[in-house]
């Protein structure tokens, strides 16, 4: 039974495998298919340092064209981690997924790892914006806890003051030793930025001593209109950028709060 099963599995895995010589090396078509039903394929290219494994260069541009952002944030981190496990990376000039300088004796094993990475990165398209938004919130709250622990009280999805009941903040921070509350709006879309700007403008007309801050997720401004950002900036809405400078973002908010923390 085990020999028959082994034979059946080998047939299933290898039956659809095709290798065709091309001018630069070989084109490899596998039995695995993507969501569109096309076979997942890659190229083995000869180079001065051995062999390079390269995908077709179509997958990542297709993600970007579908407004699935891969250069930063949760998806970007996942993409980098998945490719690293397969000893691969993505070329930011060509948008190819690559694994370079492979010795001929390692080529078969490295090809398996490379194919595994190509299969796994297809799941990036399944990560919804809600999950990305949740990751941003979780990372922000984690940074608050790491920096100030129990010195700040943290509330989520509440209004920072009675007069701002129509503008609940994603996070409201209150220092236990003094200062004013901090109303934090976590921004990764134009709609969220517009919500924060409306709250900021309303703050000018109410009697509420609140430090209001719109925290932009990353410097790529994914899903954020440049015009909307300019409008908020010109109205002096405080807008630190979180990714890549997390600790200073939290320090910025605490200074706006005039909080007495260590």
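In my numbering, the protein residues as written are 15 to 276.
Every residue gets a Cβ at the ideal spot worked out from N, C-alpha and C, and that includes glycine.
Considering only C-alpha positions, which residue in the set 217, 230 and 192 is nearest to residue 207? 230
Check whether the Cβ atoms of residue 252 and residue 262 lie closer than 9 Å to each other. no
From 84, 47 and 121, residue whose alpha carbon lies closest to that of residue 64: 121
What did DSSP end up calling residue 272 once you bin it into helix, strand or coil? coil
Of the residues 151, 41, 48 and 245, the one placed nearest residue 68, counting alpha carbons only: 41
Identify, in the order they occur along the chain, each residue of the same chain with its Cβ nearer than 7 Å to the Cβ of residue 134, setting aside the five sequence neighbours on each side. 96
According to DSSP, residues forming a beta bridge with residue 152: According to DSSP, residue 152 bridges with nothing at all.
Only counting runs of 4 or more residues, tell me where the alpha helix (DSSP H) segments fall wholly within the segment 18 to 68, in order along the chain. none
Whose CA, out of 234, 195 and 226, lies closest to the CA of residue 202? 234
How far does the alpha helix (DSSP H) with residue 205 in it extend, from its first residue to its last? 204 to 217
Anyone know if the C-beta pair for residue 124 and residue 116 falls short of 9 Å? yes
Going by beta carbon distance, what residues of the same chain come within less than 7 Å of residue 109, once the five residues before and after it are set aside? 71, 74 and 75
Assign residue 21 to one of two classes, buried (16 or more other C-beta atoms within 10 Å of its C-beta) or exposed (fewer than that). exposed
Specify whether the segment 217 to 231 and the segment 184 to 197 touch according to this definition: at least 3 beta carbon pairs, one from each stretch, less than 8 Å apart. yes
What is the C-beta distance between residue 58 and residue 47, in whole angstroms, given that I count them as a contact (C-beta under 8 Å)? With 8 Å as the limit, residue 58 and residue 47 do not qualify as a contact, their Cβ atoms being about 20 Å apart.
Express the C-alpha separation of residue 139 and residue 79 in angstroms, rounding to a whole number. 12 Å
Answer yes if the segment 177 to 188 comes into contact with the segment 208 to 220, meaning at least three C-beta pairs across the two stretches below 8 Å, and no otherwise. yes
Looking at C-alpha atoms only, which residue of 274, 250 and 149 is the closest neighbour of residue 189? Out of 274, 250 and 149, 274 has the C-alpha closest to the C-alpha of residue 189.
How big is the Cα-Cα spacing for residue 44 and residue 152? Taking the CA atoms as reference points, residue 44 sits about 38 Å from residue 152.
Just to check my reading of the structure: residue 94 and residue 60 have Cβ atoms closer than 8 Å, yes? What is that Cβ distance to the nearest angstrom? At roughly 27 Å, the Cβ-Cβ gap does not stay under 8 Å, so residue 94 and residue 60 are not in contact.
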